[in-house]
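Here's the structure, in C-alpha cells; my notes come after.
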Amino acid sequence: MSAPVEGKKVAPKSAAGDVLVEKEPFLAVIIADSYNKSLQPCTLDRSREVILYCTSYPQLIRSHVEKSKWSTLMNIKVIVNEDARSVGDALRDLDDKQLISTDFVLLQGDLVANLDLKSCMEIHKTTRESDKDAILTRVMKDCPPGHRTRSPNTSSLYALNRSTNQILAHQIVLDSKKVKLPTELIREAKELELRYDLLDCHITLCAAMVPSLFTENFDYQTVDDLVHGVLGNQEILGNTMHVHVVEDGYAARVTDFFTYKAVSTDVLEKWAYPFSPDTEWSNENGISLVSFGNKYAVSSKLFSKKCNLGSNVVIGDNTAIKYGASISNSVIGNNCIIGANVSIQNCYVWDNTVIEDDCSLTNTIICEQVRLYKNTQLLATSKDTMAMQNIDFVLGKGVHLGPNVTLDQPVLLTAAAMKDDWGEPFSAYESKGESGRAFNFVQPTEESSDDEEDGDDTSAEEDDSEDDAVIPDTELFYNEVLDTLQRAEKENISADNIILDINSLKHAYNIQINEVNHMVIQAVLQRPLQDISDTATSSQLLTNLKPLLKLCIHVFKNYYRSDKSQHECLLAIKEFVCDQSHDLYTPIIGQVLMFFYQNDILDEDVIVKWYETSLQPGKFKTQVSKLVEWFNEAESDSESD
Amino acid sequence: MATTTIKFNGHETGSLPLKLMNFQPVLLAAGRGERLAPVSDKTPKCLIPIGNVPMLWYPLRSLDLAGFSDVLIVILKSYESKISSALDHMQKKVPWKTEGFHYKFHSIVENIGEEEGTATSLLNIASVRKNDLLVISCDLITDVPLKSLIEKHTLHRATLTCLMKKLSKPEGALPGVRSKAIAKENNVVGIDEKSDGLLFIYAAADHKDHINLTQTMLTRYPRMLLTSQLEDCHLYCISREALLSVPHATNCHSLRTELIPHLLTHQYTPGDFSIDEDKLSMDLVTKLSSWTDHTGDMHGPYHDTKTRCYVHVAESHNLCLRSNTVPDFYEANKQIGAYTQHFGLGSFHKIPEGLKRSQAGNDSMLGDRLNMGDKSSIKKSMIGSCCEIGDKVKINNCIIMDNVKIKDSCVLQTCIICENSIIDEKAELKECIIGAKQTVPTGKMTNEVLADDEDEFI
C-alpha cells in the first residue's frame with residue numbers, strides 16, 4: 001500500500017483559491033505519515049504556509065511536492081525527521097523547533113476529502129472567541145455505522161454538549177464490547193448527545209499551545225491521547241475541546257484494505273468530486289473520461305477492440321489490454337499488460353504488472369511488478385465478515401503466481417519470506433504454480449502476549465532468579481505428563497490422582513506453576529494426536545479428544561482457577577494450534593473452547609479478552625469469533641430477561 | 001395563563017373516529033397514593049380533589065374530549081360505589097361531550113398492593129378486548145392532544161408509545177416538612193431524535209456508577225440523546241399483541257417497573273412476537289417501499305425489528321401535571337385554575353352568592369354551601385364544599401377540602417387541610433399538612449404534618 005491510486009494523491013482543495021490571503025496567516029501542518037499502515041503524500045491550499053512533516057520515504061514525498069503544481073501556489077516547507085514515530089513525536093519536534101506561533105490545522109495524509117476547510121477554520125475561530133479555554137476543534141464527518149467508508153474494526157463514541165458541541169467524553173469502542181458510560185457525566189450535563197456516527201477526518205484545528213501540551217506530556221502519541229489527557233485534566237486546567245461535524249462534502253480515510261476499497265470506489269463514482277480521476281486536481285497523467293459509466297483511460301490505443309470495459313474503470317498510461325478481456329469496477333496502473341480473455345472485477349492493479357491470458361481475478365489488490373501466469377484464478381468464494389471484507393487477496397510487490405493455480409481462500413502474499421529478528425525466515429513458502437514466487441504474509445507478532453500479566457510478574461521473576469542454578473527440565477516434564485494422561489486413559493485413573501501425579505512431577509522436575517499451567521493443556525491437546533493417523537480429519541480428532549477432556553475436567557478446574565491462569569491456558573492453546581501449527585485443531589477449536597466454557601473451566605470474559613487482545617487475524621481467529629459472537633447473542637438474550 | 005391556546009376542542013371530536021376505534025382506553029385508578037400521604041389516608045387517591053374535582057375526572061375528561069366513548073376504569077373493588085357516585089355527581093354538573101360516552105369499572109380485589117397488579121390488569125383486559133390499549137393514569141392532568149400520540153403509534157405500528165414531559169420543580173413555598181420535597185428521581189432516558197424512538201429508560205435506582213450501552217443500541221442509533229430532564233407522564237399506547245405475546249409478560253405485575261422496561265429491552269432481542277395479519281401486511285408494504293427510518297446501513301426500515309417504542313415529548317405550552325406526590329399535588333391545584341376553560345369547568349367555579357369579591361378573589365375556587373364569616377379573606381386557594389369559615393380568617397395559598405371548620409381569627413398560609421378537620425380559634429398555620437378528621441388547637445404551627453398514625457389507614 002505504499003503507492004497511491006490515481007485520484008487519491010491530492011487532498012483538500014476547494015474552488016476559490018485566493019480568498020484567504022488577506023487574513024492573518026493560518027498555518028497548516030500535514031503529518032504525511034499516518035503512523036499506521038499507509039503513506040500518501042498530500043498537499044493543501046488555503047494556507048499561506050504549509051509544513052509537510054514526514055518520517056519515511058522523504059525523497060518520494062519531496063519529489064511529489066516538487067512535481068505538483070501546489071509548490072508554486074504556496075510556501076511548502078518539508079521537514080524530515082526520521083526519528084518521529086507518532087503524531088506526538090512530530091508535534092514535540094515542531095514545538096522544539098519553534099515553528100508554530102499561531103493557530104494551525106493539523107492534517108494526516110490518509111484523508112481524501114473535499115471539505116471546505118475555510119468554513120471549518122471560521123467555526124474554530126468563533127468557538128475560540130466564545131470560549132477562551134477552547135484549544136482544539138476536531139473536524140468530523142457523519143458516517144453512520146454500516147457505511148462503507150467506515151472501518152469495521154474500531155469506532156469512536158463521543159458525548160457532546162448539544163448546543164456547543166463541546167466534547168464531554170470520548171471512548172474508543174471495540175467491536176462486541178459493551179460501553180459503560182459514567183452516570184456522573186449525565187448528572188452533570190443533564191442532557192447530552194451520544195454520537196457513534198462520527199468519522200475522524202484527522203483534521204484538527206489547534207490553538208498554538210497544542211504542541212507545547214505534547215511536549216509537557218511526553219507519553220501522548222496521538223491526538224486521541226491528547227483528547228483523553230485534556231478531558232482527564234479538565235477540572236484542573238479547564239481546557240475544552242470541540243467537534244465540528246461536517247454534514248455535506250466528502251471525507252473518508254484509508255486505514256485498511258476495507259476502507260481502501262470503499263474510498264477508491266467513491267472516487268471512481270465521483271462522490272469525492274473534485275477528486276475524480278479526470279479532474280485537473282489529480283490529473284497529472286492526462287487521464288480522461290473515455291465513455292459513460294465512469295470509464296477513464298489515458299489513451300485507448302493499446303486496447304483491443306474486442307475488450308470489454310465495464311463501469312467504474314481506470315486504465316493507466318501505456319497499458320495494453322488484449323482481446324476478450326473484461327474489466328469492471330477496477331483500477332489498472334501504468335505499463336500493465338492484461339492478457340486475452342482475462343476477467344478482472346473489483347481489483348486494484350498497480351503499475352508494471354503482467355496478467356497473462358485466461359486469468360480471472362476478483363477482489364484483489366495487486367502491487368507493482370506482479371506477474372500472473374496463464375490461467376491463474378483468484379476466486380472470491382468466502383463471505384468472510386472480518387476486516388478484509390471485499391478484499392480477499394493481496395499480492396505484494398513482485399509476487400509471481402501460476403500457471404494454472406486457483407486460490408479460493410483469502411490470503412496475503414509477499415515475494416520474499418518474512419524474517420524474524422534473528423533473520424530466520426518464519427513465513428511458509430507457498431508453492432503457487434511452477435513459476436510461482438510467493439510467501440504467506442504473517443502480521444508481525446507484537447511481543448505482548450507473554451508479558452501481559454504484569455501484576456504478578458515481579459514475584460515470578462524473583463522466583464526465576466533464585467532458581468537459576470537448577471535447570472528446569474520442561475521437556476521431560478511434558479513427556480511425563482503425556483505418559484500420565486495415556487495411563488489415565490487406559491486404566492481410568494481418577495482426576496484427583498492425575499493431579500497428584502502432575503504435582504509430584506512438578507516438584508521432581510522443578511517446574512514453575514505457570515509452566516505447569518501452560519503444559520497441562522498442551523499435553524492434553526497433544527495426547528489424541530499420538531493415536532490418530534496422519535490422514536485423520538478434524539472430526540476424528542474431536543471424537544478422540546472428547547473422552548480425555550471429560551476425564552480431565554477436574555484437572556483443568558484445579559489448574560485454571562484464576563483469570564490469570566485461564567488466560568495462560570488460552571495462550572497455550574493458541575501457541576499449540578497456531579505457532580506449533582497443529583492445524584487439525586483449527587476447525588474444531590470452537591467446539592473445544594465451548595466444552596471448556598460449558599464445563600465452567602474457562603470464563604466467558606477471559607475468552608473474549610483473549611480473543612480481542614491476543615489473536616491475529618486468520619482462520620484460527622475466525623473460528624473463535626463464532627464462539628464470541630455466540631456469547632454476544634446469548635448476552636443480549638439474557639439481558640431481556 | 002390565558003386559555004386561548006386551546007384549539008383542539010373543536011376538531012378533536014369526531015375527526016378521528018376510525019383511528020380511535022382501534023384503541024381501548026384504560027384509566028388506571030386503583031392506586032393507593034402512598035406518596036400522597038397523609039392526604040390519601042382516608043380518601044382513595046383517585047378521588048382526591050384537584051380544583052374541587054376528583055382527580056380521576058380529568059383524564060376521563062381528556063378521553064371524552066378526544067372522542068373516546070368507551071372507557072375502562074381499573075379501581076379497587078371497595079371504592080366502586082364511592083367512585084361511581086362521585087363521577088355521577090360530576091356528570092350532572094359537567095356533562096360529557098362525546099355522544100354516548102360511558103365507562104365501565106374493572107374492579108380488582110383489595111389485597112393487591114399499589115403498583116402491583118397494574119400489568120396484570122392490563123393483561124386481563126387485553127385478553128378480552130380486541131384493540132391496542134391506551135393506558136392513562138388517574139393522576140395525570142393534561143391538555144396534550146391525545147391524537148398526536150395515537151397517530152405516532154398507529155403510523156409506526158409501534159409496540160409502545162409514551163408521553164413524557166420536561167422535568168419541572170414546583171416553585172415557591174410548599175406545605176409539609178421541608179425534607180419531604182425530595183429531588184425527583186432522575187431517570188436517564190435515551191431518545192433517537194430523528195424518529196422519536198424511545199431507546200431505554202434507566203431508572204435512577206438501577207444505574208449506580210455506569211450506564212451500559214450495547215453495541216446493538218449504538219449501531220442502530222448512532223446519534224442518541226441522553227437526558228435526565230424528562231419525566232414519564234404515565235400515558236401509554238401499548239400494542240395488544242405485544243402485551244399478550246411478549247414472553248414473560250405474564251410474570252409482570254407492575255406496569256411501570258416491569259412491563260415497560262421489558263418492552264423497551266425487547267427492542268434489542270431477536271425473536272419477535274406474533275402480530276396480527278393487518279399489521280403483517282403493513283410491514284410488507286413498508287418493506288417493499290423505499291422508505292426507511294434511518295440511513296447508513298442497508299438494513300430494512302426499523303432495523304427489521306417488530307418491537308419498537310416511541311416517545312412524545314409534551315411541548316412547553318402544553319399542560320402536563322402529575323399529582324402523585326404532595327408537592328406535585330399542591331402544584332396541580334395551583335395551576336388548574338388557568339385551565340378550567342379547557343376542561344369545561346367554566347361554570348363550575350362560580351363565586352357563591354352573598355360573597356364579596358374582596359373576600360374571595362377570582363384566583364380562588366370555592367365549593368358549594370360555603371359558610372363564611374365577616375372580614376375574612378381567601379386568596380389563591382381552593383375551598384371544598386360545606387366548609388365553615390369564621391370571622392377574621394385569612395386563607396392564603398391553601399387547599400381546603402370538604403367539611404372543614406375554620407374558627408374565628410385563624411391565619412392559614414400554604415397549607416393543605418383535609419376533609420372533616422377542625423381548626424380552632426386563632427390558630428396560625430404555615431406550610432402545614434393537616435390530615436382528615438384532625439382537630440388543630442389554638443397556637444402557631446409551621447412546617448408540620450398532623451395526621452393519624454400510619455397504621456390506621458386502610
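Protein chains in written order, with the UniProt record's numbering: chain A, 1 to 641; chain B, 1 to 458.
Glycine residues also receive a C-beta, built at the ideal position from the N, C-alpha and C atoms.
Could you tell me whether the stretch 160-170 of chain B touches the stretch 306-326 of chain B, where touching means 3 or more Cβ pairs closer than 8 Å? yes
Neighbour list for glutamate 191 of chain A in chain B, Cβ cutoff strictly below 8 Å: Leu225, Leu226, Thr227, Ser228 and Gln229
Does the Cβ of valine 223 of chain A have 16 or more other Cβ atoms within 10 Å, making it buried, or fewer, making it exposed? buried
CB contact below 8 Å: isoleucine 186 of chain A versus chain B: yes
Return the first residue and the last residue of the beta strand (DSSP E) that threonine 215 of chain A is part of. Premise fails: threonine 215 of chain A lies in the alpha helix (DSSP H), 210-216, not in any beta strand (DSSP E).
Spatial neighbours of alanine 572 of chain A within its chain, please: CB distance less than 6 Å, with the 5 preceding and 5 following residues excluded, ordered by chain position. His518, Ile521 and Gln522
C-beta neighbour in chain B for valine 179 of chain A, strict 8 Å: True, the Cβ-Cβ gap to chain B drops below 8 Å.
Using only the alpha-carbon positions, how far apart do histidine 582 of chain A and proline 528 of chain A sit? Across the structure, histidine 582 of chain A and proline 528 of chain A are spaced so that their CA atoms are roughly 12 Å apart.
Within-8 Å CB hit, asparagine 318 of chain B to chain A: Not closer than 8 Å to any Cβ of chain A, the Cβ of asparagine 318 of chain B fails to qualify, so no.
Pick from A/Val139, A/Lys125 and A/Met140: whose alpha carbon is nearest that of aspartate 133 of chain A? A/Lys125
Check whether the stretch 34-48 of chain B touches the stretch 302-314 of chain B, taking contact to mean three or more Cβ pairs, one atom from each stretch, closer than 8 Å. Cβ pair count under 8 Å is below three, so no.
Cβ-Cβ separation, serine 409 of chain B to isoleucine 395 of chain B (assumed contact under 8 Å), whole Å: In fact, because the Cβ distance is near 12 Å, the residues do not count as touching under 8 Å.
Are cysteine 206 of chain A and leucine 111 of chain A touching if we call contact CB-CB under 8 Å? no
Counting pairs of beta carbons, one from the stretch 232-242 of chain B and one from the stretch 146-157 of chain B, are three or more of them closer than 8 Å? yes
Using alpha carbons as the reference points, say which of A/Glu356, A/Gly402 and A/Leu309 lies closest to alanine 340 of chain A. A/Glu356
Beta-carbon separation of valine 74 of chain B and histidine 102 of chain B under 8 Å? no
Tell me where the alpha helix (DSSP H) around threonine 127 of chain A begins and ends. 117-130
Pull up the CB-CB distance for lysine 97 of chain B and aspartate 64 of chain B, whole angstroms please, since I reckon it's below 8 Å. Yes, they are in contact, since the Cβ atoms of lysine 97 of chain B and aspartate 64 of chain B sit about 5 Å apart, within 8 Å.
For valine 179 of chain A and leucine 199 of chain B, believed in contact at Cβ under 8 Å, the rounded distance: Actually they are not in contact, since the Cβ atoms of leucine 199 of chain B and valine 179 of chain A sit about 13 Å apart, beyond 8 Å.
Comparing the C-beta of tyrosine 611 of chain A with each C-beta of chain B, is any distance below 8 Å? no
Roughly how many whole angstroms lie between the Cα atoms of leucine 94 of chain A and glutamine 166 of chain A? 27 Å
Restricting to Cα atoms, I'd like to know which of A/Thr149, A/Leu174 and A/Gln98 is closest to proline 211 of chain A. A/Gln98
Would you call lysine 550 of chain A buried or exposed, if buried means 16 or more other Cβ atoms sit within 10 Å of its Cβ? exposed
Contact criterion: CB-CB distance below 8 Å. Does threonine 292 of chain B meet it with respect to chain A? no
Straight-line gap, histidine 554 of chain A to threonine 535 of chain A (C-alpha atoms, nearest Å): 32 Å
Starting from aspartate 209 of chain B, find everything on chain A with Cβ-Cβ shorter than 7 Å and list it in chain order. Pro182 and Thr183
Look up glycine 197 of chain B in the DSSP assignment and say whether it is helix, strand or coil. strand
Neighbourhood of methionine 401 of chain B by C-beta, 7 Å cutoff - its chain only, sequence neighbours within 5 removed: So the list reads Pro49, Gly384, Ile417, Cys418 and Glu419, once near-sequence residues are dropped.
Threonine 265 of chain A and lysine 208 of chain B - do their beta-carbons sit closer together than 8 Å? Using a Cβ distance threshold of 8 Å, lysine 208 of chain B and threonine 265 of chain A do not count as a contacting pair.
I need the DSSP call for alanine 536 of chain A, collapsed to helix, strand or coil. coil
Grouping DSSP H, G and I as helix and E and B as strand, with all else coil, what is arginine 32 of chain B? coil
Give every residue of the same chain whose Cβ lies closer than 6 Å to the Cβ of glutamine 438 of chain B, excluding the five residues on either side of it in the sequence, and list them in chain order. Ser421 and Leu450
8 Å is my cut-off, CB to CB: does proline 222 of chain B come that close to chain A? yes
In or out: glutamate 80 of chain B buried (at least 16 other Cβ within 10 Å) or exposed? exposed
CB contact check: proline 528 of chain A to chain B, cutoff 8 Å: no
Between asparagine 324 of chain B and the rest of its own chain, which residues show a CB-CB distance below 6 Å, the 5 nearest in sequence each way excluded? Arg35 and Asp139
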